[in-house]
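Residue 285 in numbering that gives the first Met the number 0 sits at position 286 of the sequence shown, and the numbers go up by one each step.
Yeah, the Cβ is synthetic: ideal placement off N, Cα and C, and Gly gets one too.
Below you'll find the structure, written out as structure tokens, and then a few comments.
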Amino acid sequence: MKHQFFFILTMLTIMAANAQSGITPDPSGKSWNIITNNAAYRITVSANGDVQGAFFGAKTGIEVPAPALGNELPVRGGYQNTTPSLEAVFADGVRDVELEFMSAEIITTDGRETLVIKQRDKFYPLEIKQFIRILPEYDLIEKWNEVSNTGKKGVVKIENLQSGTFFLPKDDYELTHFGGIWGNEFRPAKTKLTFGLKTLQTKDFKSYGSSTFIITGADENKAWFGSLAYSGNWRMDFEKTFNGTLQITGGVNFWDTEINLKPGNSYQTPRIVIGYTEQGHDGVTSSLSDYIRNELLPEKHRTKLRPALYNSWYATTFNVNEEQQLKLAQVAKDIGIEMFVIDDGWFRGRVNDKAALGDWTVDKNKFPDGLQPMIKKINDLGLDFGIWIEPEMVNPNSDLYREHPDWAFHYPNRERHTGRNQLMLNLAREDVCEYLYQSFHNLLKDNNIKFIKWDMNKSLTDAGFMSAKADEQRAVRLKYVDNLYKLVKRLRDEFPDVWFENCSSGGGRIDMGISQLFDFNWASDNTDPVERIFIQDAYLSIMPANTMISWTTHEDWHKQQHPLDFKFDVCLAGVLGVGNDITKWTDKEKDIAREKIALYKEIRAITHRGDCYRLISPYQANRSVLQFVSKDKSQAVVFDYRLAEYPANAVAETTRSSLVRLRGLLPDVQYKIDGFDRPFSGAYLMQQGINLPLNGAFKSRILKIIRI
């Protein structure tokens, strides 16, 4: 009997491993297997009508019977033993929700299979649809919820509605997440999840990190991960019970937020993406990077290689004029730059950061004939032209604010909190959105602009929405983000050839929601190459390299006098930008720039489209080694950075070793590596590794690897 049980179990495992991806209901219509290429998710409806999650992991385990772990949509009501995804208040003051299963169907959304499960409250006019969309090739699932007031009278107040929940069985779990502050973004943190509730959240529109999380158990190769496609106030909850099971819930942070649903009205949450891999952190990087690159980024530029950029901010700051910008453009063209971007200071009255923000017309004192004559001269050099804007802010010292002080976020009888001498415009207002649309529509219509650097430099304060009805005011954060998305999309649809860069005091607002509208991100205002190595190591663990803009500049945050070639090598791991005053460069510095920009153009197809492996992390050694491999595995690039020179006995032998094992190659083919006389098999490079001696602080090298 024992042998028979194991035979059946083995056969079920084989059948599950060979199962095709997709969403499959059982004959009862009350149980579904959601299977990706390598993972599986199971949902069941219990005898009493609860929709429950029963399994999430390797698809080889999907057929093994397992008890339900928890409700797919935990509510405030009944026993309070889980973190609720839905909290509502009905017209008579009842705050408990009791859901019952109504129906389920499999539909297609954006070309993908999607399971839609419909539930309703047993008494009150509340209906909720749970959407589960499958992306098999990435081993990912998207989840989101839509709640509706189906009554004919009375308001249903929504005090909390999360995008999705899932449960994991008993194990010892470790959480990896990312956060930071200005100039110190994307710092990874790891913590053991003991029993109790751990919450990651932002009440602002900035986080200087990410809602992305990674969960590993006792087997570190098995990882569950996720992220929220939202650019506003978000939260992620990780609640471990005393018996060891883990609930993960994510969505909008409803702190100081509520939605009053009138009869017939609905609200849909942003999407949370969740996944499972047995390839550890490499698997997480691969799934998320491919998903963002292939599914989320704006389609017009999705597959295009990113241009080499020059930005004039550090060279000229606010003191811009046509003559000096043209001198910079001439040098930029000479060293191989493709896109010339003028930064702050071009609009009327803008001589410092204390005035004029919001007055989006060209300063005729600086550009008497407007921007277009200068743009034409720059285009004649063979360069595309870009420009900096900061749409969401306003200086109190501006014509816009003097005319419309009510357009800025504020509460009556309360202080207006400025930052960088500016206030935040209330994009929840339709008149504000229309003003900004018209301003930038005219700018793009009247000038041959091919690149927008969209900045956002102030944190959210004073989130009053006094012009709205009383029962709509606490939805202001939701309406703001919704209108921000609509504004950018409207401009992109009208001007599809324009590249859009997302900047928020550096990396303050980088997420999957913004990734659907912007082609790339400014990861940090910190351009120190050593600091950038740390920031970029974490960024590249969850985002693709073609979204990460990185500049060389003259700034020296720690008085370390880094070599120019080292600065370039750091920037070549993403989208290359140059921010120095290049008119002051020596001939030798220009030669270095020409060489590095030419190298960028040679390798960017691999870095921008290939798989990224973080071979040695700067958080664990005195060096950093990155590897990018083309999708056909015919080419690779290795970035080797030395951060410091340590005495031989100062660190562990494993961190001092110059032997580096590569990843992601074909084991049975031969590869030629720059600087090595003989070829190596992929198997040798991955199993034995190669010696990459690199001595001295702030040294770097970039190695090209080509299949023979």
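Sequence-distant residues of the same chain with beta carbon closer than 6 Å to residue i, five excluded per side
i	result
Ile602	Val636
Val475	Ala427, Ala462 and Phe464
Phe627	Ile605, Thr606, Gly609, Cys611 and Val636
Pro24	Trp31
Thr653	Since pLDDT at Thr653 reaches only 45, below the 50 mark, its modelled position is unreliable, and the value read off the structure follows with that caveat. Here the set comprises nothing.
Val88	Arg94 and Lys156
Ser657	Asn690, Leu691 and Pro692
Gln515	Leu295
Ser147	Glu126 and Ser265
Lys29	Val44
Arg641	Arg622, Leu693 and Lys698
Ile386	Ile341 and Ile448
Own chain residues within Cβ distance below 8 Å of residue i, not counting five before or after
i	result
Ile61	Ala15, Ala18, Asn32, Ile34, Ala39, Arg41 and Phe54
Ile513	Ser230, Asn501 and Asn520
Ile140	Ile33, Thr35, Tyr40, Ile131, Arg132, Ile133, Leu134, Val272, Ile273 and Gly274
Ile707	Val668, Gln669, Tyr670, Lys671 and Pro678
Neighbourhood of residue i by C-beta, 7 Å cutoff - its chain only, sequence neighbours within 5 removed
i	result
Leu356	Glu389, Met392, Val393, Asn394, Ser397 and Gln421
Ala354	Gly348, Asn394, Asn396 and Ser397
Buried/exposed call for residue i, threshold 16 Cβ in 10 Å
i	result
Gln161	buried
Trp233	buried
Ile106	exposed
Thr190	exposed
Pro64	exposed
Arg622	buried
Ser540	buried
Asp445	exposed
Thr198	exposed
Pro495	exposed
Met101	exposed
Gly573	buried
Ile548	buried
Phe675	exposed
Asn351	exposed
Arg677	exposed
Member of the options whose CA lies at the smallest distance from the CA of residue i
i	options	result
Tyr412	Gly463, Trp143, Leu134 and Val93	Here the sequence assigns Asn to residue 412, which means Tyr is not the residue at that position. Per the Cα distances, Gly463.
His460	Thr211, Lys365, Thr417 and Asn441	A quick correction: the sequence has Thr, not His, at residue 460. Taking only the C-alpha atoms, the option nearest Thr460 is Thr417.
Ser633	Lys363, Phe384, Asp171 and Ser680	Ser680
Lys205	Thr284, Asp333, Val577 and Ser503	Ser503
Gln559	Thr526, Gly573, Pro168 and Asp586	Thr526
Gln200	Leu382, Glu173, Asp236 and Pro187	Asp236
Thr276	Thr582, Tyr137, Thr211 and Phe165	Tyr137
Asn579	Leu399, Asn545, Ile701 and Ala328	Ala328
Lys169	Val497, Trp143 and Gly243	Gly243
Leu174	Leu192, Arg186, Asn183 and Thr108	Leu192
Tyr172	Asp218, Asn378, Asn183 and Leu85	Asp218
Asp49	Gly163, Val74, Gln323 and Gly56	Val74
Ser20	Gly52, Pro26, Ile596 and Ala57	Ala57
Gly282	Pro306, Lys303, Trp312 and Ile213	Ile213
Gln323	Gly195, Phe366, Tyr290 and Lys299	Phe366
Gln687	Lys583, Gly695, Gly663 and Val659	Val659
First through last residue of the beta strand (DSSP E) which encompasses residue i
i	result
Ile131	Leu125 to Leu134
Ala65	Ala65 -> no beta strand (DSSP E), and no H or E assigned at all.
Ala87	Leu85 to Val88
Leu442	First-last for Leu442: Glu429 to Asp445, but that is the alpha helix (DSSP H), not the beta strand (DSSP E).
Tyr670	Gln669 to Ile672
Arg41	Ala38 to Val44
Asp776	Outside the modelled stretch of the chain, which goes from 0 to 707, sits residue 776, for which no answer is possible.
Ile448	From DSSP, Ile448 is part of no beta strand (DSSP E); its letter is neither H nor E.
Lys101	The sequence shown places Met at residue 101, rather than the Lys named in the question. Here the beta strand (DSSP E) through Met101 covers Leu98 to Thr108.
Pro187	Asn183 to Lys191
Ser209	Ser209 to Thr215
Ala53	Val50 to Ala57
Delimiting residues of the alpha helix (DSSP H) encompassing residue i
i	result
Arg700	Where Arg700 is concerned, there is no enclosing alpha helix (DSSP H), although the beta strand (DSSP E) it sits in stretches over Lys698 to Arg706.
Val480	Val475 to Glu493
Ile534	Pro528 to Ile541
Gln686	Gly681 to Gln686
Glu71	Glu71 -> no alpha helix (DSSP H), and no H or E assigned at all.
Val569	Leu563 to Cys570
Glu402	Asp398 to Glu402
Closer than 7 Å: residue i CB and nearest the ligand ZN heavy atom
i	result
Lys375	The ligand ZN is not among the ligands present in this structure, which contains no ligands whatsoever.
| query | At which residue ranges does the segment 149 to 179 contain complete beta strand (DSSP E) runs of 3 or more residues, listed in the order of the chain? | reply | Qualifying beta strand (DSSP E) stretches, in chain order: 155 to 160 and 163 to 167.
| message | Just to confirm the assignment: which complete beta strand (DSSP E) runs, minimum length 3, are found wholly within the segment 346 to 392? | response | 383 to 388
| said: Quick check on the DSSP output: what are the complete alpha helix (DSSP H) runs of length 4 or more inside the segment 603 to 658, in order along the chain? | reply: 652 to 655
| request: Could you pull out every unbroken beta strand (DSSP E) segment of at least 3 residues lying fully inside the segment 240 to 321, listed in chain order? | output: 245 to 251, 258 to 260, 265 to 267, 271 to 276 and 308 to 310
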